[in-house]
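Trainee: Protein chains in written order, with numbering that gives the first Met the number 0: chain W, 0 to 543; chain D, 0 to 509. For each residue, glycine too, the CB sits at the ideal point set by N, CA and C. Handing you a structure now.
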Amino acid sequence: MTHWILTFVIFTPLTASLVLLLIPRQLRTLVRITALTGAGLTLPAAIWLFAAYNRQVAGFQFEQTVPWVPSLGISYHVGVDGTSVVLILLTAIIITGGIFASWTQKVRTKEFLSLLLLLVSGVFGVFASRDLFFLFLFYEIAVLPMYLLIGVWGTSTKQRTKEYSAMKLTLMLLAGSAFILVAILALYFNQTPHSFDMGAMAHAHYGPSFQKTIFLLVYIGFGVLAGIWPIHTWSPDGHASAPTAVSMLHAGVLMKLGAYGILRIGMGLLPDGAQHFAFLMGAIATINILYGALSAMGQTDLKYIIAYSSVSHMGVVMLGLASFNSIGINGSVMQMFSHGIMTGLFFACVGLIYEKSHTRNIPSMGGFAKKMPGIALLMTIGGLASFGLPATSGFIAEFLCFYGMWMRYPILALISVVGIVLTAIYVLRMIQRIFLGQFKDEMYPSLPDAKTTEWVAITGLALLLIVVGLYPEPLVKMIDVSKQAQPFVASVPPVKTPSTNESAKITDGTLHAQYGTRYFLTAINGYAIHINPNGWSNDAKRLQ
Amino acid sequence: MPNDYSSLHPIILLTVLALFIIMLDIFLPKKKPAFLGWLVAIGGLIILLIDWHSPDAKLWYGLVNFTSYSRAFDTIFLLTLITVSIASVAEEGAMSFRGEYYGLLIFSTVGLMLIASSGGLLMLYLGIELTSMCLFTLVGFAKREKRSAEAALKMFVIGAIASAVMLYGISILYGVLGSTQFDRMSLAVAHLDAAQSMALWLGVAFTLAGIGFKITAAPFHMWAPDVYEGAPTTITAYLSTASKTGGVAALLQFILLGMHSALLEWTPIIMLLAVLSMIVGNLVALVQTNLKRLLAYSGIAQMGYIMVAIAGMQATNGSMSVASAYVYLLLYSFTNVGGFLIAQAIADVTGSTEVSALKGLHRRSAPLAFGMLIVLFSLGGIPPLAGFVGKLYLFAAGWSGGQHLLVLLGAIVSVVSLYYYLMVALQVYIKDPEEESRITVHSSLSAAISICVVATILIGAYPRPWVELGQYAASGLQRDSTMHIARLKSDVCVRSFGSVPIAPLKITEK
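Now the structure itself:
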């Protein structure tokens, strides 16, 4: 059965990107509308994917396979499981928002939008690929346009020129992909028949020492993009120099590619190797959370704050992954979604503030809420989601991550949870210093609130944060890694533990709970959640 | 059909074409564009078609050996000849002796085709010499320019030494192995005793040094940047692609056909060449400010990547290494020719081949800027362009041959290489131009550039036919090595001198 939906999602932005090149640059409105169509068409498609994905069957669906270079075992093979669907939906939302947010972009608009769409095609491709050759190909397509996007349209900060940031970002990310390339070759050659297909690789029995070595390569390679400490240094500079839509996409979606790669290739294909480094991953994630939060506290440039907060939040994502149980990993994917939306909202708001006030320096701001109440409100919502206030999507996501880690390494969970407090401090302080206090009339003669297209972008994102926070069920059910056939969790039906307690439906790492609050209560009560402490390796064994 | 002389048609026709062009030029008015390049291109295309329809053959007791290998490599040589000739039309007006220019260009292609179809070191050497002699002259073709003359002299002196060294190596090999024919050599190597292995090593090392000069592998690369910079750009384009391709074709034959069982002798040398070329090429390229020199060093590094695949030849029975090297050379000859031709197009207007001359190119000529970006990213191995597929294939071949560390090194220095490619991209797309005047490109030159850029995109977007072409090329060498194995099995150790006729072989299928 061949499904064209994923190919449609991947290649619509690409087509739009090429069509844009043919449109004369004077027709700005046509350029923008074409770009919006290219990006916007993916949104209904992604929503359709989200609705049509069969959650009972789980596993990879909507698959399409076209042999590409049969003699080398390369095929164009796309397919999605719950995780991919959620991330594709996230990407579609962010790019649509991003096009709206860059509606007023005036310099070389055509090329800008074209590159943006090219990049997004790459992102969709990574999330949908089931073939490592294509996954890597799309990965690089997603990374490389960044160089021009930041180099041409970025802004130089006091510390860094945009050329420096662009070069640093590109080189660090591509250095990471060198590791990935080597890992892919190793995976390719250590199974017969040689094939780049991840489905085939999931059944190859890689030896333990091989798994450890290659996992490290994958972890470092994708870790650069995921912003893991200490190879995150491209991220603050890059995000601070990038134009709004690019920051949105990069922090919102691209960094997730890194985490996704670790999840899909590292943990999915090399479960034993990954398991071996669980503590290391957890420890580094903890450093990420605290280091990112502490660094954010020390910044005065608005974009640097958000950039460091991304580093911190990616730490939470990695923490969830390092728990190696379904709760943590579900939380991790939730956090990817939640942080994607949230940081998209943040960067969009920051972009608007900068565009109108021409400053990103916090000490020279103050009292902005009087002039731009709408932006103030929405940015506050983003801030609340950022430190995981209940009723925002951040709560459920972060809670699951920390809870998953608690079951694996309680000590790391204890340390890292401090990050939430630190986040609350810098976020609230930031909001206070920008929006509250004395407004300096003489510095800002005019400070209008957002305009129509900008409203669409930021209101939509903020609403999503709240909707997901109040009603996370569809998302949680969709992700539910414990039900996914492969590659990262065994394809066995969950083992029911005999218990009359309703909460005991949460069995063997399978999430059946409906709402965030319920997780919360069950956790507080501390009973009835039967999670196999070695769930991961057991799952992996069962797979064989 | 072992004795089918129709296999010689492409080479004969090409020689005739060269002579015809030289004669024709006498009757054409001077100082006016004559579009001779297009004539060469059409002729080349026809010969390419004829080549693909000529049968396999082994002539003159195996002195020349036409197989799918030679056919596939002829394709690269002829395609490069075609693109370079088309591009040269733009220079015809300013050229004196344009007939000789094309004539020498075609003769050098004949030499390259002889290399690819050689059955032994003798024909290999002849091919290399024929090519080199033509190229010495072509490099110095702009004889009124100091740099061009300097480049020609430099290349000639170093080239002559390299030839001498190689010839010395061949003579040692002949002394040790008793033949210059690949199949005999391979047979003798398998039965060599330990006392002679030092001599064998010397012979292999000297021969590889000669080939190393040809393909500008470090440490035999010193001449390349100066010569590339001084030579007329169209010739540089040819020199950096077709000529190197010929060198690699020679190397592959020499190693796989002749020396395959002398692993210990050649593997360390090739590994050394790979490491040095990748490191020297990429690191020195970082500080280059001249586009032609930068491409020269990048070319040295690219040869290093190919060496990675060749170093892995032992384990895979060579087929993957040969196929990947072939695919890489094919795409490289488009990409690199494209790069040099774009440099030429810019130099025609600005008079400079410095990287800074590219400043703000996107404003001065959007198509050239786009082409340059494609070329740079392809050289950097960025998907979905050709360079990515090629590099991945090379590294895959190296990996399957057990050269894991070389592959890792290659992957890391590729990232280094991206720095200088991106620095050029920075000038092209991010910097603002110093003057706004638009750059207009001669229509023939832009046709040649378009061919190169489109091919670069196409090979990357749909690699299947090219990969299969590579495997087709590899099958040409592969069949010969099974022949060796069959012979080794029958355990006939013949120490024949020269090219004494041997009975047709009966190949036993496995």
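State the Cα-Cα distance for the pair Tyr218 (chain W) and Asn329 (chain W), rounded to the nearest angstrom.
Mentor: So the two alpha carbons sit approximately 19 Å from each other.
Trainee: Out of curiosity, what's the CA-to-CA distance linking Tyr353 (chain W) and Pro389 (chain W)?
Mentor: Tyr353 (chain W) and Pro389 (chain W): Cα-Cα distance of roughly 30 Å.
Trainee: Give the secondary structure of Pro12 (chain W) by DSSP, where H, G and I count as helix, E and B as strand, and everything else as coil.
Mentor: In the structure shown, Pro12 (chain W) sits in a helix (DSSP, three-state: H, G or I).
Trainee: If you run the structure through DSSP and keep just helix, strand and coil, what is Ala217 (chain D)?
Mentor: Reduced to three states, the DSSP call for Ala217 (chain D) is coil.
Trainee: When you compare the CB of Leu136 (chain W) with every CB in chain D, is at least one pair closer than 9 Å?
Mentor: So, interface residue.
Trainee: Suppose you measure from the CA of Leu367 (chain D) to the CA of Trp3 (chain W); what does that come to, to the nearest Å?
Mentor: Near 36 Å, if we compare the C-alpha coordinates of Trp3 (chain W) and Leu367 (chain D).
Trainee: Determine, using beta carbons only, whether Gln470 (chain D) comes closer than 9 Å to chain W.
Mentor: With 9 Å as the cut-off, Gln470 (chain D) counts as an interface residue toward chain W.
Trainee: Identify each residue in the region 338-351 of chain D for which the Cβ-Cβ distance to at least one residue of chain W is less than 9 Å, and report them in chain order.
Mentor: Per Cβ criterion, the list is empty.
Trainee: Less than 7 Å between C-beta atoms, sequence neighbours within five positions excluded: which residues of the same chain meet that for Val122 (chain W)?
Mentor: For Val122 (chain W), where only same-chain residues beyond five positions count, the Cβ hits under 7 Å are Thr90, Ala141, Val252, Leu253 and Leu256.
Trainee: Do you know how far the Cα of Leu173 (chain W) is from the Cα of Leu408 (chain D)?
Mentor: Straight-line Cα distance between these residues: approximately 14 Å.
Trainee: Go through its chain and collect everything with a Cβ distance to Gly291 (chain W)'s Cβ below 7 Å, but skip five positions before and after it.
Mentor: Excluding positions up to five away in sequence, the list reads Tyr307, Ser308, Val310, Ser311 and Gly314.
Trainee: Leaving out five residues before and five after Gly61 (chain D) in sequence, what residues of the same chain have Cβ atoms less than 6 Å from its Cβ?
Mentor: Excluding positions up to five away in sequence, the list reads Gly118 and Gln180.
Trainee: What's the gap between the Cα of Leu17 (chain W) and the Cα of Tyr146 (chain W)?
Mentor: Distance between the alpha carbons of Leu17 (chain W) and Tyr146 (chain W): 19 Å.
Trainee: Taking Cβ positions only, does Gly150 (chain W) come closer than 9 Å to chain D?
Mentor: Yes, its Cβ sits closer than 9 Å to a Cβ of chain D.
Trainee: Got a sec? Which residues, its chain only, sit under 7 Å from Arg362 (chain D) by beta carbon, not counting five neighbours each side?
Mentor: For Arg362 (chain D), where only same-chain residues beyond five positions count, the Cβ hits under 7 Å are Pro432 and Glu435.
Trainee: By DSSP, does Pro362 (chain W) sit in helix, in strand, or in coil?
Mentor: The answer is helix: DSSP assigns Pro362 (chain W) an H, G or I state.
Trainee: List the residues of chain W that Val466 (chain D) touches, going by C-beta distances under 7 Å, in chain order.
Mentor: The answer, in chain order, is Val68, Ser70 and Leu71.
Trainee: 9 Å is my cut-off, CB to CB: does Arg437 (chain D) come that close to chain W?
Mentor: Output row for Arg437 (chain D): interface = no.
Trainee: With 16 other CB atoms within 10 Å as the buried threshold, where does Gly379 (chain D) fall?
Mentor: It counts as buried.
Trainee: Would you grab the beta carbon distance between Ser84 (chain D) and Leu104 (chain D) for me? Rounded to a whole angstrom, and I think it's under 8 Å.
Mentor: Indeed, because the Cβ distance is near 7 Å, the residues count as touching under 8 Å.
Trainee: Within the same chain, show all residues whose beta-carbon is closer than 7 Å to that of Leu351 (chain W), passing over the 5 residues directly before and after it, in chain order.
Mentor: The residues are Ile374, Ala449 and Glu453.
Trainee: Have a look at the DSSP bridge pairing and note the partners of Val68 (chain W).
Mentor: Partner(s): W:Ile73.
Trainee: Pull up the DSSP beta-bridge partners for Ser117 (chain D), would you.
Mentor: DSSP lists D:Val63 as partners of Ser117 (chain D).
Trainee: With a Cβ-Cβ cutoff of 9 Å, do Leu251 (chain D) and Gly317 (chain D) count as a contact?
Mentor: Against a cut-off of 9 Å, the Cβ pair of Gly317 (chain D) and Leu251 (chain D) comes out as a contact.
Trainee: So, are the CB atoms of Ala473 (chain D) and Tyr68 (chain D) less than 9 Å apart?
Mentor: Cβ atoms of Ala473 (chain D) and Tyr68 (chain D): closer than 9 Å.
Trainee: Please compile the residues from chain C whose C-beta is within a distance smaller than 7 Å of the C-beta of Ser413 (chain D).
Mentor: Looking for chain C here will not work: the only protein chains present are W and D.
Trainee: Cα separation between Thr33 (chain W) and Ser83 (chain W)?
Mentor: The alpha-carbon atoms of Thr33 (chain W) and Ser83 (chain W) are separated by roughly 26 Å.
Trainee: Any C-beta of chain D sitting closer than 9 Å to the C-beta of Tyr187 (chain W)?
Mentor: With 9 Å as the cut-off, Tyr187 (chain W) counts as an interface residue toward chain D.
Trainee: Determine the direct distance from the alpha carbon of Leu48 (chain W) to that of Ser325 (chain W), and round the result to whole angstroms.
Mentor: Roughly 23 Å between the two C-alpha positions.
Trainee: Quick one: which chain D residues come within Cβ less than 8 Å of Thr169 (chain W)?
Mentor: Those within 8 Å of Thr169 (chain W) in chain D are Leu417 and Leu421.
Trainee: Residue range of the alpha helix (DSSP H) that Lys291 (chain D) falls in?
Mentor: Where Lys291 (chain D) is concerned, the enclosing alpha helix (DSSP H) stretches over Leu290 to Ala310.
Trainee: Below 6 Å CB to CB, which residues in the same chain sit around Leu357 (chain D) once its five sequence neighbours on both sides are set aside?
Mentor: Once the five neighbours on either side are set aside, the close Cβ partners of Leu357 (chain D) are Gln426 and Val427.
Trainee: Flag Ile309 (chain D) as yes if its beta-carbon sits less than 9 Å from any beta-carbon of chain W, otherwise no.
Mentor: Chain W contact via Cβ: absent.
Trainee: Between the region 156-175 of chain W and the region 197-204 of chain W, do at least 3 Cβ pairs fall closer than 8 Å?
Mentor: With a cut-off of 8 Å, the region 197-204 of chain W and the region 156-175 of chain W do not count as touching, because too few Cβ pairs lie within range.
Trainee: Starting from Ala545 (chain W), find everything on chain D with Cβ-Cβ shorter than 8 Å and list it in chain order.
Mentor: The structure shown does not extend to residue 545 (chain W), since chain W is modelled only from 0 through 543, so no value can be given for it.
Trainee: Please compile the residues from chain W whose C-beta is within a distance smaller than 7 Å of the C-beta of Tyr68 (chain D).
Mentor: Correct list: empty, because the minimum Cβ distance to chain W is about 17 Å.
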